[in-house]
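**Student:** Taken in sequence, the protein lines are chains A and B.
FYI, in my numbering the residues of the first sequence are 14 to 388.
FYI, in my numbering the residues of the second sequence are 14 to 388.
Please find one structure pasted underneath; my questions will follow.
There are 2 protein chains.
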Amino acid sequence: MSRRQLLVDEKKVLKRLESLGKEIVTQILKGEPPKLVIPVRTLSNTVWDKKNKILRLGSRKAVRDFFDIGESKRFMQTVLMLSIVIKARREGDYPTIRDLYYTGKHTIEYYDEFDRKRREETWNDQRESNAVIQDIEVATGLLREHMGIMHDAKGKIVGNLVIRSKGYDIDLSKMGSGAYAIPPNVDKIEIRKVDVDYVLVVEKDAIFERLNEEEFWKKNNCILMTGRGQPDRSTRRMLRRLWEEYELPVYILTDCDAYGFYIYSVYKSGSISLSYESERLATPGARFIGVTVTDIDEYKIPRNYIIKATERDVKRAKELMGYPWFKESKDWMKQLNLFIKRQEKIEIEALSGHGFKFLARTYIPNKIKGRKWIE
Amino acid sequence: MSRRQLLVDEKKVLKRLESLGKEIVTQILKGEPPKLVIPVRTLSNTVWDKKNKILRLGSRKAVRDFFDIGESKRFMQTVLMLSIVIKARREGDYPTIRDLYYTGKHTIEYYDEFDRKRREETWNDQRESNAVIQDIEVATGLLREHMGIMHDAKGKIVGNLVIRSKGYDIDLSKMGSGAYAIPPNVDKIEIRKVDVDYVLVVEKDAIFERLNEEEFWKKNNCILMTGRGQPDRSTRRMLRRLWEEYELPVYILTDCDAYGFYIYSVYKSGSISLSYESERLATPGARFIGVTVTDIDEYKIPRNYIIKATERDVKRAKELMGYPWFKESKDWMKQLNLFIKRQEKIEIEALSGHGFKFLARTYIPNKIKGRKWIE
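See the structure below:
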C-alpha cells in the first residue's frame, strides 16, 4: 500500500456528518438562532492555483440563517438531506442520489399569516436535492461517494495493477477480454501493486475494447482506462489517485474535435463551476497525445476522412480558450486557434486509413516515446 | 463447461468468411456473372415463432447480381467489406465498426458513357458500411462479434459464477465494490461454473451499484447484471447464454414507463427490424418483475412521486401493444392499457419512499418468491 493512500474510514465519515448536525443542536440548546456556515460554491469564489494548476474553492463562506426568510428553505433542505444521509450511513444503506431525492420529497402543510392553508414541497426537482448534497460536501470536506451515495459509474480499467476491495485482491491484468468496471466510491479501493510505466486514457469505449483485445496494455506495460466519453467522477478519481499516489504519467487520447478537447480538460482540471470537486478529482499532470489538429497534416489524413466542424464545435473551442489551463499553454492555444481557423475535425478511427495496426504500433508509441504530447 | 456451450473458433470463423469470397471467385473463373445470395433482412421476411416465442428470419433470399446496375454498388460494397474483415481476421486485428467504415472509405474515379470524369465514394456514411456488415452476418450465420469486430460494450455482471477468458479463470463473486465489464464478444468467454438460483437484470446502473454494494446477489444467491439502459448486443448475448445454457430464470427490473417496458422487450425478444440477431441475442424466457402500473396502488406510491407520462410515452406504449410477445400476454395488455389510460409513470427509486431497504428486502423477493412477475 502506498504511503500516501488515504482510505476513507466509514466511522470517520459518519462522525464528520454527525458533527455538522450537532453544531446546529448546540446552537438551539444555547438559545442561539440556528445557522450553517458553508463555503461558497459560486464561480466568484473559485481560485485558479497557478502553481499546482488546479482550481480551488476560495475562502468565502456563506452563513445560512434559519431565521432569515430568504435562507430558511435552503437551511431546512440541508438539514433534511443531512438527516437522511446520516440515517443511511448508520444503517449501512447505499442510496442513489435519486433515492435521496424521493426519500426527502414530501409536502409540508402550514397556515400562513392570514390563516390560509398552504402547501410547500420540500423540493420540486432533483436539482434542489443535489444542490444541498453539494453543500454538505463542501461543509464536511467529504465527497458524496464517501457518504455512500451511489451514482452511475461508467469507467473501465485494465493493466498490471492489483487492487483490494471488500477483502478481495483483484488482479486487473487477469480480466481476459473484459475489464474491471470502476465502482462509484474509488476511495474505498486499496491500490496494492502497480507495475506499469504510464496510464493511457482513451475517450471511446470501442477503442478501449480494441486495445484491450489486442493487449496493448500488456505489450506497452501501461494501464488502460476509459470514461466512455465525458468521464464520471469515479473514473476521474481513479485516474487522479494513480497519478498522485504512484506518480504515473497520464496520457489522454480523444477525437480531434472540441468535444474531445473538452474531455481532456475535464480529466485534467474539471469544471470551473464545480471547483471544489477538482481538488480531488482533477489530474493536472494529464497530457494530451491526440488527435491534434496538426496531426491532420503530419499523419496525412485523407481529405474524405475529414469532418466539417459545426458551429457548436467552434463555439466550444472558443470557450476552451478562456480556461486558464488552456490559456497558459502555448501548444494548446496554437491547436485551438488552428481548429477554429480550419474548422476541421477527425476521429481517432480515421488513423485506421494507415492500417489497423497503425494506432497501437505507431501513433501512440510515437507520441509517448517521442514526447509529442501537449499539456 | 456446460454441454451446450458453442465457443466460436477463430479458424472456423475465418474459413466461413473466406468461403463466401471463394464462391464469387469460383463464379468468375467459370465465366458466370458474379452474384451473392443473401437472406432478406426486411420486416416482410420476419417470422414470429409462436412456440419458441422468438423472431426468426424467413426463408426468402435475395440475389445480389454484379451485372444488375441497381445491385452492383451494394455488391461491391459487400465484397469490399468482406475483404477488409478477412484481412483483419488473418492478421489478428480487432477493428471497430467505425474503423471498418474509414478503412473501406475511398473515392473511385471513373469515366461515364459520355467520357466524363466521375467520382463515387465507396460509402458516404456509416449506415452504408454497417448495412453490408449485417449482410455478411446473415450470409455467413456469424454475428459481427464472432468476426472480431469491436463496439461499445456497456454491460456489467457480478455473482456466483466463474468464467474463463484468455486463459484466466475470473471469479465474478470477487469483484469487490466493482464489477466485471462484459466484453464485446461474449461467445469467446467460457462459462465454467454457475452456482445461483436466478439472474436479476436491472435497467439502471445506479441501482446496480447500490445492489452490488449491498451484496444483494450474495444474500439472494443470484447473478446481478445491468445493460445501463437500452442494452447492447453483448449484454443481451450474455443473458441469453445464462438462460439457455444454464436454464436460469431471468428477471428484469425497470422503471414503470414505456421506455422501461421497451428495455424489457429488447432483452426478451429484440427488435423486429433486426430479427436475425434475436435468434441468438433474445431471452424469450425473461420475466418482468416491475415496476408495473398496478404497483402504484399495490405499493401505495405517494401521489407526489408520480410523474405524468409524456405523449411520446403513450405513443411508444401503443406501439408495444402491437408486438406479438406483448399481444399474446394478457398480463402485459392489462398493464399497457392501464398505462395509456392513467398516463402515470414511476421510477424504481420511488420505492425508496418505504425506506432504503424496501427494494432489496421486500419488493424484489416478494415479486420473485411470490411469483408476481408478468411475461
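Note that CB positions come from ideal geometry on N, CA and C, so glycine has one too.
The model shown is predicted, which means the values in this text are computed figures rather than measured ones.
Name the two residues that bound the continuous beta strand (DSSP E) containing Tyr124(A).
**Tutor:** Element bounds for Tyr124(A): Thr120 to Tyr124.
**Student:** Could you check whether the region 236 to 251 of chain B touches the region 305 to 322 of chain B, counting it as contact only if at least three pairs of C-beta atoms, one from each stretch, sit closer than 8 Å?
**Tutor:** no
**Student:** Spell out the partners DSSP gives Met238(B) in its beta bridges.
**Tutor:** Ile170(B) and Val214(B)
**Student:** If you draw a straight line from the C-alpha of Ala219(B) to the C-alpha of Leu213(B), how long is it?
**Tutor:** 15 Å
**Student:** May I ask you to list, following chain order, the residues of the region 180 to 192 of chain B that have a beta carbon less than 7 Å from some beta carbon of chain A?
**Tutor:** Tyr181, Ile183, Lys187, Met188, Gly189, Ser190, Gly191 and Ala192
**Student:** Step through the CB atoms of chain A and report whether any lies within less than 8 Å of the CB of Pro46(B).
**Tutor:** Using a Cβ-Cβ cut-off of 8 Å, Pro46(B) does not count as an interface residue toward chain A, since no Cβ of chain A sits closer than that to its own.
**Student:** Using only the alpha-carbon positions, how far apart do Ser186(B) and Lys86(A) sit?
**Tutor:** So the two alpha carbons sit approximately 45 Å from each other.
**Student:** What is the DSSP secondary structure of Arg69(B), counted as helix, strand or coil?
**Tutor:** The three-state secondary structure of Arg69(B), taken from DSSP, is strand.
**Student:** Alpha carbon to alpha carbon, what distance is there between Ala271(B) and Gln40(A)?
**Tutor:** Gln40(A) and Ala271(B): Cα-Cα distance of roughly 50 Å.
**Student:** Met251(A) to Ile183(A), Cα distance in whole Å?
**Tutor:** 15 Å
**Student:** Could you please give me the residues that DSSP links to Trp61(B) through a beta bridge?
**Tutor:** Leu68(B)
**Student:** Would you say Glu158(B) and Asp200(B) are within 8 Å of each other, going by their C-beta atoms?
**Tutor:** yes
**Student:** Whole angstroms is fine: what's the gap from Ile110(B)'s alpha carbon to Gly273(A)'s?
**Tutor:** 19 Å
**Student:** Tell me the DSSP secondary structure of Arg17(B) in three-state form.
**Tutor:** With a pLDDT of only 49 at Arg17(B), under 50, the local geometry of the prediction cannot be trusted, and no value is derived from it.
**Student:** Could you please tell me which residues of the region 304 to 328 of chain A, in chain order, have their CB closer than 7 Å to any CB of chain B?
**Tutor:** Asn317 and Tyr318
**Student:** Going by other Cβ atoms of all chains shown within 10 Å of its Cβ, with 16 needed for buried, is Glu360(A) buried or exposed?
**Tutor:** buried
**Student:** Under DSSP, the alpha helix (DSSP H) around Asp148(A) begins and ends at which residues?
**Tutor:** Gln139 to Thr153
**Student:** Would you identify the three-state DSSP class for Glu369(B), choosing helix, strand or coil?
**Tutor:** Here the sequence assigns Phe to residue 369(B), which means Glu is not the residue at that position. Three-state result, Phe369(B): coil.
**Student:** Using a Cβ cut-off of 8 Å, which residues of the region 146 to 171 of chain B contact any Cβ in chain A, in chain order?
**Tutor:** Cβ contacts with chain A: Gly161, Met163, His164, Asp165, Ala166, Lys167 and Lys169.
**Student:** Tell me, please, whether the CB atom of Tyr107(B) is closer than 8 Å to any CB atom in chain A?
**Tutor:** yes
**Student:** Is the beta carbon of Met160(B) less than 8 Å from the beta carbon of Val60(B)?
**Tutor:** no
**Student:** In the DSSP assignment, find the beta strand (DSSP E) that holds Gly117(A) and state where it starts and stops.
**Tutor:** Where Gly117(A) is concerned, there is no enclosing beta strand (DSSP E), although the alpha helix (DSSP H) it sits in stretches over Ile110 to Gly117.
**Student:** Considering only the alpha carbon of each residue, which of Glu31(B), Arg246(B), Asn233(B) and Val279(B) lies closest to Gly298(B)?
**Tutor:** Val279(B)
**Student:** Note down the Cα distance separating Leu156(A) from Glu150(A), rounded to an integer number of angstroms.
**Tutor:** 5 Å
**Student:** Would DSSP call Met251(B) helix, strand or coil?
**Tutor:** In the structure shown, Met251(B) sits in a helix (DSSP, three-state: H, G or I).
**Student:** To the nearest angstrom, how far is the alpha carbon of Ser15(A) from that of Ser247(A)?
**Tutor:** Residue placement at Ser15(A) is flagged as unreliable, the pLDDT there being 42, under the threshold of 50; a coordinate-derived value is accordingly withheld.
**Student:** What does the Cβ neighbour count give for Lys217(A), buried or exposed, with the cut at 16 atoms within 10 Å?
**Tutor:** buried
**Student:** How would you call Thr116(A), buried or exposed, if buried means at least 16 neighbouring beta carbons within 10 angstroms?
**Tutor:** buried
**Student:** Over what stretch of residues does the beta strand (DSSP E) that includes Val76(B) continue unbroken?
**Tutor:** Lys74 to Asp78
**Student:** Rounded to whole angstroms, what's the CA-CA distance from Glu388(A) to Arg300(A)? Just pull it up for me.
**Tutor:** 5 Å
**Student:** Compute the Euclidean distance between the alpha carbons of Tyr275(B) and Leu349(B), then round it to the nearest angstrom.
**Tutor:** 11 Å
**Student:** Within a Cβ cutoff of 7 Å, which residues of the same chain sit near Phe80(A), ignoring the five residues on either side of it in sequence?
**Tutor:** Pro46
**Student:** Whole angstroms are fine: how far does the CA of Ile67(A) sit from the CA of Ala330(A)?
**Tutor:** 20 Å
**Student:** Please identify the residue among Val76(B), Asp62(B) and Ile265(B) whose C-alpha is closest to the C-alpha of Leu70(B).
**Tutor:** Per the Cα distances, Asp62(B).
**Student:** Please list, in chain order, the chain B residues whose beta carbon lies closer than 8 Å to that of Ile195(A).
**Tutor:** Gly191
**Student:** Which residues in the same chain have their Cβ closer than 6 Å to the Cβ of Val53(A), if we skip the five residues on either side of it in sequence?
**Tutor:** Arg73 and Ala75
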